[in-house]
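Engineer:
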Amino acid sequence: MAERELISFDWAMKRLLRSPANFSVLNGFLSVLLNEKIEIEEILESESNRAFADDKSNRLDLKVRNTKGELILIEIQYDYQFNFFQRMLYGASKTIVEHMYKGDNYEKVVKVISINILNFDLGKGEDYVYVGKTSFIGMHKHDKLKLDEKQQKYFDKKYPEELFPEYYLIKVKNFDDLAKTPLDEWIYFLKNSSIKTSFTAPGLSDAVEKLSLMKMSREERVAYDDYIDMLRLRQGAHMSAKMLGIFEGREEGLKEGLKEGMKQGKAEGLKEGLEKGKAEEKLLIAKKMLKADLSPEQIAEITGLPTEEIKKLT
């Protein structure tokens, strides 16, 4: 079946989707994921996206306000983070505080929806989309708590969970590429940066039109290709560290017992695996990462090279 290769969604977030002219793409994605009609009113500035064009972190994010006044956080995370659940909670909580003004009553607390597109396996589960909400269930009657009539009328909500933050986890690597629903079609695009001609999910036709590689200027295409190369380098670096950790674990296991050796080898290998490579290869990787706008500190964390040595390459 024919497919159209497009700009990756993360690059589009970084360079294109902040423009009102391209809101239709995000509107389609959010409407399909949240199962309701979503219209973006504006892109909001925050500490993280004020310098969005020069973002050197291992994540990309957007904060938008829809026409209902809800705040939607969209984040793409590339690398495994042990404390990612806590970071999601912190991000939603911080957003609530940032949008409260001195003297505001608690009913002014804004609804936050946190959408996290993950390129690593978080937690232990078989699905590729998880939803987290705060429900209140009776300990004895097992009933679900509702808002009272006055609250329902004032907030136009039925349950307390509709006032609390919602969390969405999209684990793209868990998706099997079999698109059976509109959401599956979107996740196929998120994973593969391409859209099959048979796809009909809202927003995808606009994505085909606005995110075409063919519409890029030569300079834009060079920058995009460098960005993709940087992501591949990063993935390769982390995989190398992981594999070296496993091998070291096996060697240590022969000396002190396979079980304990694997644990120690993995722990040490993830931290020190890259330090075993040739210095010349590390420097070459560091130069490419600098070209891809990673900071010296991030490159040092990935390669194990001293920050001072990396700065000398600039």
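By the count of our numbering, the sequence shown reaches residue 438 at its end, each step adding exactly one. Here a beta-carbon is modelled for each residue, glycine too, at the ideal position from N, C-alpha and C.
Are the region 280-291 and the region 128-141 in contact at 8 Å, needing three or more beta carbon pairs?
Structural biologist: Judged by Cβ distances under 8 Å, the region 280-291 makes no contact with the region 128-141, as fewer than three pairs qualify.
Engineer: Within its chain, find whatever has a CB closer than 8 Å to the CB of Thr324; leave out the 5 residues flanking it on each side and keep chain order.
Structural biologist: Here the set comprises Pro306 and Glu309.
Engineer: When you compare only the Cα positions, how much space is there between Gln201 and Val149?
Structural biologist: Gln201 and Val149: Cα-Cα distance of roughly 20 Å.
Engineer: Among all the DSSP beta bridges, which residues are the ones paired with Glu129?
Structural biologist: For Glu129, which the question treats as bridged, DSSP gives the partners Ser318.
Engineer: Hey, could you find the ends of the beta strand (DSSP E) Glu166 is sitting in?
Structural biologist: Ile164 to Leu168 is the extent of the beta strand (DSSP E) around Glu166.
Engineer: Lys334 to Thr438, Cα distance in whole Å?
Structural biologist: Going from the Cα of Lys334 to the Cα of Thr438 covers about 35 Å.
Engineer: Please return the same chain residues whose Cβ sits closer than 7 Å to the Cβ of Lys395, not counting the five positions on each side in sequence.
Structural biologist: Confidence at Lys395 is low in this model, with a pLDDT of 49, below 50, so the placement of that residue should be treated as unreliable; the coordinate-derived value is given next. So no residue of the chain qualifies.
Engineer: How far does the beta strand (DSSP E) with Ser217 in it reach, from first residue to last?
Structural biologist: Ser217 -> not in any beta strand (DSSP E); alpha helix (DSSP H) instead, spanning Phe208 to Glu222.
Engineer: Look at Leu242 and Ala216 and say whether their C-beta atoms are less than 9 Å apart.
Structural biologist: No.
Engineer: Kindly identify the DSSP beta-bridge partner or partners of Lys268.
Structural biologist: Ile261, per the DSSP bridge assignment.
Engineer: Should Ala145 go down as buried or exposed, given a rule of 16 or more other Cβ atoms within 10 Å for buried?
Structural biologist: Answer is exposed; the Cβ neighbour count stays below 16.
Engineer: Let me confirm a value: Pro420 is counted as buried when at least 16 other C-beta atoms fall within 10 Å, else exposed. Which label applies?
Structural biologist: Classification for Pro420: buried.
Engineer: Grouping DSSP H, G and I as helix and E and B as strand, with all else coil, what is Asn298?
Structural biologist: Asn298: helix per DSSP, three-state reduction.
Engineer: Looking at the structure shown, is Lys436 part of a helix, part of a strand, or coil, going by DSSP?
Structural biologist: Lys436 falls in the coil class under three-state DSSP.
Engineer: Applying the criterion that 16 or more other CB atoms from any shown protein chain within 10 Å of the CB defines a buried residue, is Asn151 buried or exposed?
Structural biologist: Classification for Asn151: buried.
Engineer: Could you tell me if Val236 is buried or exposed, where buried requires 16 or more neighbouring beta carbons within 10 angstroms of its beta carbon?
Structural biologist: The residue is buried, with at least 16 neighbouring Cβ atoms inside 10 Å.
Engineer: Alpha carbon to alpha carbon, how far is Tyr254 from Ile294?
Structural biologist: Spanning the two alpha carbons is a distance of roughly 7 Å.
Engineer: Which residues in the same chain as Asn159 place their Cβ atom closer than 8 Å to its Cβ, once the five residues preceding and following it in sequence are excluded?
Structural biologist: Correct list: empty, nothing qualifies.
Engineer: Find out if the Cβ-Cβ distance for the pair Tyr252, Phe299 is shorter than 9 Å.
Structural biologist: It is a contact, given that the beta carbons lie within the stated cut-off.
Engineer: If you count every other CB in all the chains shown that lies within 10 Å of the CB of Lys138, and 16 or more means buried, which is it?
Structural biologist: By the 10 Å Cβ count, Lys138 comes out buried.
Engineer: Ends of the beta strand (DSSP E) at Leu242?
Structural biologist: Element bounds for Leu242: Val236 to Leu242.
Engineer: Given that a residue counts as buried once 16 or more other Cβ atoms are within 10 Å of its Cβ, and exposed if not, what is Ala410?
Structural biologist: By the neighbour-count rule (16 or more Cβ atoms within 10 Å), Ala410 is buried.
Engineer: Could you work out which residue in His264, Lys265, His266 and Lys281 is closest to Asp272 when comparing CA atoms only?
Structural biologist: It is Lys281 whose Cα lies nearest to the Cα of Asp272.
Engineer: At a cut-off of 8 Å, is Gln276 close to the ligand GDP when judged by its beta-carbon and the heavy atoms of the ligand?
Structural biologist: Among the components modelled here there is no ligand, and therefore nothing to report on the ligand GDP.
Engineer: In terms of residues, what are the limits of the alpha helix (DSSP H) holding Leu150?
Structural biologist: Note, Leu150: alpha helix (DSSP H), Phe147 to Leu158.
Engineer: For His223 and Ile167, what's the separation of their Cα atoms in angstroms?
Structural biologist: Distance between the alpha carbons of His223 and Ile167: 14 Å.
Engineer: Short of 6 Å in beta carbon distance, which residues of its chain neighbour Asn240, apart from the five on each side in sequence? Order them along the chain.
Structural biologist: So the qualifying residues of the chain are Glu199 and Leu293.
Engineer: Would you kindly report the start and end of the unbroken alpha helix (DSSP H) that includes Leu328?
Structural biologist: That run of the alpha helix (DSSP H) goes Leu328 to Lys334.
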